[in-house]
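Position 55, counted from 1, in the sequence shown is what the working numbering calls 55; the numbers after and before it change by one each time, with no gaps. Even for Gly, the Cβ is constructed at its ideal location relative to N, Cα and C.
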Amino acid sequence: MSSSVLQTAIPILAYCASSITMTLVNKLVLSSFQFHMVFFMLAAQAFGSVALMVLANRVGLNVKYRAMNKRDARTWFPVACSQALMLYTGGKALEYLNVPLFTVFKNLTIIAVAYGEKWVFKAAVTSLMLVSFGMMVMSSMVGA
Numbered sequence: 001m002s003s004s005v006l007q008t009a010i011p012i013l014a015y016c017a018s019s020i021t022m023t024l025v026n027k028l029v030l031s032s033f034q035f036h037m038v039f040f041m042l043a044a045q046a047f048g049s050v051a052l053m054v055l056a057n058r059v060g061l062n063v064k065y066r067a068m069n070k071r072d073a074r075t076w077f078p079v080a081c082s083q084a085l086m087l088y089t090g091g092k093a094l095e096y097l098n099v100p101l102f103t104v105f106k107n108l109t110i111i112a113v114a115y116g117e118k119w120v121f122k123a124a125v126t127s128l129m130l131v132s133f134g135m136m137v138m139s140s141m142v143g144a
């Protein structure tokens with residue numbers, strides 16, 4: 001297998017594994033232990049992610065990020081708040097829905113965002129994207 005294929009495949013597989021793991025762990029925590037503090041759980045995960053990035057950088061792994069500054073903070077504050085709200089509502093949904101149904105809604109939001117970008121930014125929705133959306137919807141329906 002070539003180096004470029006591995007450089008592409010490894011992040012994709014890591015993202016898939018972490019996404020599946022976090023969904024299942026969050027569902028376990030929110031439903032099995034009667035733990036209803038979704039915001040606290042998400043904050044702990046966010047701080048843990050930042051701590052892991054800083055630690056990886058300090059031990060010499062190739063993890064790059066920019067230093068915090070006011071300009072970036074002002075620019076990204078609305079996006080960060082929207083992301084936090086999306087994660088919170090997703091956590092609350094996961095608390096009450098089963099994982100397959102939650103996955104259906106999560107996949108539908110990806111499609112909604114793509115069409116929102118088309119509407120707001122005039123971005124193209126390509127035929128390959130449509131195939132991907134179809135596969136996501138079909139896999140969600142099979143899983144549900």
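Rounded Cβ spacing between residue i and residue j (contact assumed at less than 8 Å)
| i | j | result |
| --- | --- | --- |
| residue 38 | residue 95 | 7 Å |
| residue 100 | residue 143 | 4 Å |
| residue 42 | residue 116 | With 8 Å as the limit, residue 42 and residue 116 do not qualify as a contact, their Cβ atoms being about 23 Å apart. |
| residue 104 | residue 140 | 4 Å |
Residue i burial status per 10 Å Cβ neighbour count (16 or more: buried)
| i | result |
| --- | --- |
| residue 30 | buried |
| residue 134 | exposed |
| residue 102 | buried |
| residue 98 | exposed |
Same chain, Cβ closer than 8 Å to residue i, five either side skipped, listed in chain order
| i | result |
| --- | --- |
| residue 36 | 30 and 95 |
| residue 56 | 63 |
| residue 72 | 66 |
| residue 87 | 42 |
Sequence-distant residues of the same chain with beta carbon closer than 6 Å to residue i, five excluded per side
| i | result |
| --- | --- |
| residue 111 | 133 |
Contact set for residue i: own chain, Cβ-Cβ below 7 Å, skip 5 residues either direction
| i | result |
| --- | --- |
| residue 107 | 136, 137 and 140 |
| residue 128 | none |
Residue of the options minimising C-alpha distance to residue i
| i | options | result |
| --- | --- | --- |
| residue 85 | 13, 40, 2 and 15 | 40 |
| residue 130 | 120, 114 and 121 | 114 |
| residue 89 | 74, 109 and 76 | 109 |
| residue 65 | 78, 51 and 45 | 51 |
| residue 80 | 46, 54, 60 and 59 | 46 |
| residue 22 | 2, 9 and 44 | 44 |
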